[in-house]
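Chemist: Here the sequence shown stands for residues 1074 to 1335, where the numbers follow this note's numbering.
Don't be surprised by glycine CBs; every beta carbon is placed ideally from N, CA and C.
All values reported here derive from a predicted model rather than from experimental measurement.
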Amino acid sequence: MKKLLIFNWKMAPQSLSEAKRLLTNNLQPTTNNKNVEVIVCPPFIYLSGLSSVVGRRSSVKLGAQDVFYKNQGVYTGEISAKMLKNLGVEYVIIGHSERRKYLNETDEMINKKILAGLKAGLKVILCVGEPTRGRKYKAESIKRAKNYVKKQLEKDLKGILSLVVGRKSLVGNLAIAYEPVWAIGGNHSDTPQDALEMIKYIKQVLSIKYQALGIRALYGGSVSSKNIGDFLKHPEIDGALVGHASLKPKEVETIIKTVGKL
Ligand code: PGA
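(1) State the DSSP-derived secondary structure class of Glu1309, mapped to helix, strand or coil.
(2) Rounded to whole angstroms, what's the CA-CA distance from Val1325 to Ile1187? Just pull it up for me.
(3) Of the choices Ala1154, Ile1275 and Lys1076, whose alpha-carbon is the least far from that of Val1111?
(4) For Tyr1164, count neighbouring C-beta atoms within 10 Å of its own C-beta (all shown protein chains included) and say buried if the count is 16 or more, exposed if not.
(5) Compare the Cα-Cα distances from Ile1272 to each of Ser1125, Gly1293 and His1261 and report the closest residue.
(6) Whole angstroms is fine: what's the gap from Ser1121's alpha carbon to Ser1131's?
(7) Given 7 Å as the limit, tell me if Ile1257 has its C-beta closer than that to any heavy atom belonging to ligand 1.
(8) Taking all protein chains shown into account, do 16 or more other C-beta atoms lie within 10 angstroms of the C-beta of Ser1090, making it buried, or fewer, making it exposed?
(9) What are the start and end residues of each continuous beta strand (DSSP E) run of 3 or more residues lying completely inside the region 1117-1186, in chain order?
(10) Beta carbon of His1307: closer than 7 Å to some heavy atom of ligand 1?
(11) Are the region 1252-1262 and the region 1201-1214 touching by the rule of at least three beta carbon pairs closer than 8 Å?
(12) Here's a check: name, in chain order, each residue in its chain whose Cβ is nearer than 8 Å to the Cβ of Asn1300, leaving out the five neighbours to either side.
(13) When you measure from the CB of Gly1294 to every non-hydrogen atom of ligand 1, does any distance come out below 7 Å?
(14) With hydrogens ignored, establish whether the beta-carbon of Leu1078 is closer than 7 Å to any heavy atom of ligand 1.
(15) Return the chain-ordered list of same chain residues with a C-beta closer than 7 Å to the C-beta of Thr1331, the five sequence neighbours on each side being excluded.
(16) Taking its Cβ as the centre, do 16 or more other Cβ atoms sit within 10 Å of Ile1281, making it buried, or is it exposed?
(17) Any chance the region 1209-1216 sits against the region 1230-1240, with 3 or more Cβ pairs inside 8 Å?
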């Protein structure tokens, strides 16, 4: 199966022309690269301008960084799943830790957003991850992290996995990105071994609780050209969510090429 690379540009760059330049850099290394699916998630404001660059048959797809949970109505400033879909956007990131932290997004809101996204036919990347990890008692802190992530999955996916599993076509439309919050930002990634353990655990929780076999799980948190191979060489890790490195053309090129060769 193809590895998924989600490039999360967050609140950058500062102009559409810069965004177009960045996107063009993403397109080139994906040509003839059958093993990678690249999804670029720019700020909402650039999606329209970039959709003409990407085109329907491109190997690079567009994703949004968020979506609102109502289809229509008087919700100033919000964007519906259908609006994204109508623009040709295929993916949406939901529940990113920065939104949970700075915008006070709750698990209940995230749950509704996932439902709205899936119903509109978008592919959803749900972000989960523990806020801190103690360094001293490793086994104990990993156990605590697993419990934290399990609770997030239970709340965020409440009532959703039955829909996904019930309609087999939707299984491929949901992916979980394990992003330990302490590892985000570029300085300190998780170790590939610990990330692998968590990803196996996430898949196990999903399959035991919901028979949701086949849902993809990705790693995110300080992924770069230097460490991407160590994470994605494991068949259980289906892809990566890349933040700051996705804004550096040289990094992007090396990341895509490295993953293409795995
Ligand atoms: P990072 O961001 O790669 O800069 O750590 C990842 C993310 O927040 O999705």
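Modeler: Concretely, from the data shown:
(1) Looking at Glu1309 - three-state DSSP - the assignment turns out to be coil, as it is neither helix nor strand.
(2) Going by the C-alpha atoms only, they are around 28 Å apart.
(3) Taking only the C-alpha atoms, the option nearest Val1111 is Lys1076.
(4) Classified as buried, Tyr1164 has 16 or more neighbouring CB atoms from the shown chains inside 10 Å of its CB.
(5) Out of Ser1125, Gly1293 and His1261, Gly1293 has the C-alpha closest to the C-alpha of Ile1272.
(6) Going by the C-alpha atoms only, they are around 15 Å apart.
(7) Yes; taking the cut-off as 7 Å, the Cβ of Ile1257 has a heavy atom of ligand 1 nearer than that.
(8) Classification of Ser1090: exposed, given that the 10 Å Cβ count is below 16.
(9) List check, beta strand (DSSP E) in window: 1133-1137 and 1164-1167.
(10) For His1307, the shortest C-beta to heavy atom distance toward ligand 1 is 7 Å or greater.
(11) At 8 Å Cβ cutoff, the stretches touch.
(12) Closer than 8 Å at the Cβ level, and outside the excluded window around Asn1300, lie Ser1262 and Pro1265.
(13) If you check the C-beta of Gly1294 against ligand 1, you find a heavy atom less than 7 Å away.
(14) It does not: the Cβ of Leu1078 is nowhere closer than 7 Å to a heavy atom of ligand 1.
(15) Ser1298, Ile1301 and Gly1302, listed in sequence order.
(16) Classification of Ile1281: exposed, given that the 10 Å Cβ count is below 16.
(17) No, they do not touch.
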